[in-house]
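Engineer: Here our numbering is used: position 221 in the sequence shown is 471, and no number is missing along the way.
The beta-carbon is built from N, C-alpha and C at its ideal position, and this holds for glycine as well.
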Amino acid sequence: MTFSREIIKHLRNAESICVLTGAGISAESGVPTFRGEEGLWKKFRPEELANFQAFIRNPDLVWEWYAYRRKLIHEVKPNLGHHALVELERRVPDFTLVTQNVDNLHSRAGSKNVVELHGNIERSYCIECRKSASEVQIESTHEAPRCDSCGGLIRPDVVWFGEMLPVGMFARAEAAARRCQVFLSIGTSSVVYPAASLPFSALEQGAYVVEVNREETDLTSRAHETLLGNSGEILPQLLSSL
Ligand code: BV8
Ligand code: ZN
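Right, here's the structure in full:
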């Protein structure tokens, strides 16, 4: 793939870069996305699973869905797209990687400054006393474990629809979007807020905004450039062009 002189110039000169990733960056690792053809939402509906009411109504069903996803994530590894972002972080003085993903693959790849907007599937906690669950408790697959201190239900440490993002996380992401010279939006359908507002914050302050996606999204008409294709192929090529 050849890249515009613009994108090469902006990336070479940037002192500060902010990256937003979504499920698409993990697709080539074998992790299903949410809204694609083979998406997780095809089999399950978000309102049935990724919200607190669904969990209270049927804790074992929701727990089992996360246990399935956790098991799947343990069987995959970061792909060349994740590794390209680790390399980019090494080259830029101020680099922030904001992810909507809960699959821990950026950290496993070696990214350092990762802002997990929607939590992390490897962590769980008690809904009553908020005590973190132990590895052993998280191992349970078919039913939501109970807290060994108070007997409360244990839930995955992820942000469900209608829930506030972890305190301070969005502020860190927003600050990075507001000070960066280049903003990369990678593998996200740009429909979930407030994450999807970040590239617009970057645009407002004059950042060069580049989208990497297999298809067009709501951001495409506003981004300076959209690179259509697989992030696992595009990102390594982009890094080697710098
Ligand atoms: C909030 C949990 C304040 C963990 C997720 C009514 C009531 C309450 C809230 C709302 C409401 N209406 C709207 C809202 C706000 C709501 C929202 O945005 N809803 C949307 C759907 C309209 N947001 C919230 O509720 C947020 N909280 O607003 O709090 C508040 C509080 C109370 C009341 C009001 C407001 C919380 C949002 C977080 C929800 N949690 N996940 C989990 O189970 O994973 S969302 C879920 O979607 C994931 O976290 C995921 O990260 C996120 C976004 O999806 P994407 O990552 O973009 O993935 P998707 O499959 O959609 O797209 C993949 C893309 O990759 C595609 O474009 C595809 O083309 C591309 N792709 C595929 N393969 C590749 C590729 N690209 C490149 N290369 C490839 N190989
Ligand atoms: Zn408890």
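With 16 as the cutoff for other CB atoms within 10 Å, does Ile495 come out buried or exposed?
Structural biologist: Residue 495 lies beyond the stretch modelled for the chain, which goes from 251 to 492, so this question has no answer here.
Engineer: Apply the 10 Å Cβ neighbour rule to Gln303 and answer buried if 16 or more other Cβ atoms are within range, or exposed otherwise.
Structural biologist: exposed
Engineer: Within the present structure, is the beta-carbon of Glu278 separated from the nearest heavy atom of the ligand BV8 by less than 7 Å?
Structural biologist: yes
Engineer: Suppose the cutoff is 7 Å on Cβ atoms and the five residues either side in sequence are ignored; what does the same chain contact list for Phe305 look like?
Structural biologist: Closer than 7 Å at Cβ, skipping near neighbours: Val312, Arg405.
Engineer: Within the region 273-359, note down every full alpha helix (DSSP H) run reaching 4 residues or more, in order along the chain.
Structural biologist: 274-277, 290-293, 296-299, 302-307, 309-324, 330-341, 355-359
Engineer: Hey, out of Leu488, Val348, Leu489, Arg464, whose CA is closest to Leu478's CA?
Structural biologist: Arg464
Engineer: Measure the CB-CB distance between Asn351 and Thr470 and report whether it falls below 8 Å.
Structural biologist: no
Engineer: Which partner residues does Glu366 have in the DSSP bridge list?
Structural biologist: Thr349
Engineer: My output table needs one value for Leu403: the three-state DSSP class, helix, strand or coil.
Structural biologist: strand
Engineer: Identify every run of the alpha helix (DSSP H) within the region 404-437, keeping only runs that are complete inside it and at least 4 residues long; order them along the chain.
Structural biologist: 419-429
Engineer: With a CB to CB cut of under 7 Å and the five nearest residues on each side skipped, what residues in its chain are close to Ala457?
Structural biologist: Cys430, Gln431, Val432, Phe433
Engineer: Out of Ser481, Ala425, Arg320, which one is the CA nearest neighbour of Gln455?
Structural biologist: The candidate whose alpha carbon is nearest that of Gln455 is Ala425.
Engineer: Using 8 Å as the Cβ pair cut-off and three pairs as the minimum, do the region 274-285 and the region 362-375 touch?
Structural biologist: no
Engineer: Reducing DSSP to helix, strand and coil, say where Asn463 ends up.
Structural biologist: strand
Engineer: Cys268 to Val342, Cα distance in whole Å?
Structural biologist: Their backbone Cα atoms lie some 10 Å apart in a straight line.
Engineer: Using a threshold of 8 Å, state whether the C-beta atoms of Leu330 and Pro486 are closer than that.
Structural biologist: Yes.
Engineer: Is it true that the CB of Ala423 sits closer than 8 Å to the CB of Ala452?
Structural biologist: No, these two residues do not count as a Cβ contact at 8 Å.
Engineer: Could you give the distance in angstroms between the alpha-carbon of Asp468 and the alpha-carbon of Asp398?
Structural biologist: 45 Å
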